[in-house]
Amino acid sequence: MKARVLIIEDNQLTARGLQYLLEREGYLVTTVVDLKSAKQTLATQDFELLIMDVGLPDGDSFSLVRQLQDSLKDKAIIFLTARDQEEDIIRGLELGAEDYITKPFRNRELLLRVKKALRQPLGLGKKLTIGHFSLDLEAHELMIDGKIIVLTALEYRIMICLMENAGHIVTRERLLDEIYDASGRVVNDNTLSVYIKRLRQKLRPRDNISTIKNLGYRFEVPQDGGEDV
Ligand code: CA
């Protein structure tokens, strides 16, 4: 369930830096250098997020968004602009971009923006369904086999994080970050263990969170598929 990101950027240095940064965070990244190849790629592959430089060799990326408006509706978009392109920024936001970021940007800032853009519920269903589990991102509800499981806000955050990364290990550090963000107070390592334990009890008998010793946790993807794509 790793998010797929398409980078459209003609500056090789920026593009390579971005790709490296995002891949290191576990995103699946494809990079193209102009509108033409962007269109070709978008015709055959699916992405959750597009990061597009505004000025490209064969036009500006706003025209691409306008052209493909319908098929891009359910995708998060972040525009990259130079610092002196304020008007661009406004046009970009009018086109429905989630966000923009001015170059040069700090890596940490970019990653936060990416995370935020992807946090927005995607698509029409606004549901994350994996096997027997279904997270309704609008209603903030977890359902297992169609039955609502009552979670605390913290448990819900943990569940989103684990399900978004289904099949991959989510480190304890990462979870602690998430929880801290949500509640505004520090949660220590022992408390996290308690939360997870309580959460797993609620998921029974469908509990499919694995503890990866000394590392973190993994939401297991069921063998029989059923993963929502
Ligand atoms: Ca450019």
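Reading the sequence shown from the start, the letters are residues 136 to 364 in the numbering used here.
Cβ atoms here follow ideal geometry from the backbone N, Cα and C, with glycine treated the same way.
DSSP-derived helix/strand/coil call for residue i
i: leucine 277; result: strand
i: tyrosine 155; result: helix
i: alanine 301; result: coil
i: alanine 173; result: helix
i: phenylalanine 197; result: helix
i: arginine 139; result: strand
i: glycine 231; result: coil
i: leucine 184; result: strand
i: leucine 191; result: strand
i: lysine 238; result: strand
i: proline 256; result: Residue placement at proline 256 cannot be trusted, given a pLDDT of 43 that sits under 50; what the coordinates show is reported in the next sentence. If DSSP states are grouped into helix, strand and coil, proline 256 belongs with coil.
i: arginine 292; result: helix
i: glutamate 160; result: coil
i: arginine 341; result: coil
Where the alpha helix (DSSP H) through residue i begins and ends
i: threonine 306; result: Run containing threonine 306: none in the alpha helix (DSSP H); it sits in the beta strand (DSSP E), 304-306.
i: valine 167; result: Element bounds for valine 167: not the alpha helix (DSSP H) but the beta strand (DSSP E), 163-167.
i: alanine 211; result: Run containing alanine 211: none in the alpha helix (DSSP H); it sits in the beta strand (DSSP E), 211-217.
i: aspartate 145; result: Premise fails: aspartate 145 is in no alpha helix (DSSP H) and is neither H nor E.
i: lysine 332; result: 324-338
i: leucine 203; result: Counting along the chain, leucine 203 falls outside any alpha helix (DSSP H), and DSSP gives it neither H nor E.
Rounded distance between the beta-carbons of residue j and residue i, thought under 8 Å
i: alanine 252; j: leucine 177; result: 17 Å between Cβ atoms; not a contact.
i: valine 305; j: leucine 297; result: 6 Å
i: valine 140; j: leucine 157; result: 6 Å
i: valine 189; j: leucine 170; result: Contact doesn't hold; Cβ gap of about 11 Å is too wide.
i: glutamine 354; j: isoleucine 347; result: The sequence as given places phenylalanine at residue 354; glutamine does not occur at that position. Wrong, their Cβ atoms sit about 11 Å apart, outside the cutoff.
i: leucine 311; j: leucine 327; result: 6 Å
i: valine 167; j: isoleucine 143; result: 6 Å
i: glycine 161; j: lysine 137; result: 5 Å
i: methionine 187; j: serine 198; result: About 11 Å separates the two Cβ atoms, so there is no contact after all.
Residues that residue i bridges to, as DSSP identifies them
i: threonine 179; result: Threonine 179 is not bridged to any residue.
i: tyrosine 352; result: Val305 and Thr346
i: leucine 264; result: The question names leucine, but residue 264 is threonine in the sequence shown. Bridge partners of threonine 264: Ser269.
Buried versus exposed, by CB contacts within 10 Å (16 or more), residue i
i: valine 249; result: buried
i: isoleucine 213; result: buried
i: isoleucine 331; result: buried
i: glycine 194; result: exposed
i: leucine 277; result: buried
i: isoleucine 265; result: buried
i: valine 200; result: buried
i: alanine 150; result: buried
i: glycine 281; result: exposed
i: glycine 231; result: exposed
i: lysine 210; result: buried
i: glycine 302; result: exposed
i: aspartate 181; result: exposed
i: alanine 173; result: buried
Any non-hydrogen atom of ligand 2 closer than 7 Å to residue i Cβ
i: aspartate 195; result: With respect to ligand 2, the structure shown offers nothing to examine, as its ligands consist of ligand 1.
Unbroken beta strand (DSSP E) run spanning residue i, endpoints
i: lysine 102; result: This structure cannot speak to residue 102, because the chain is shown only from 136 to 364.
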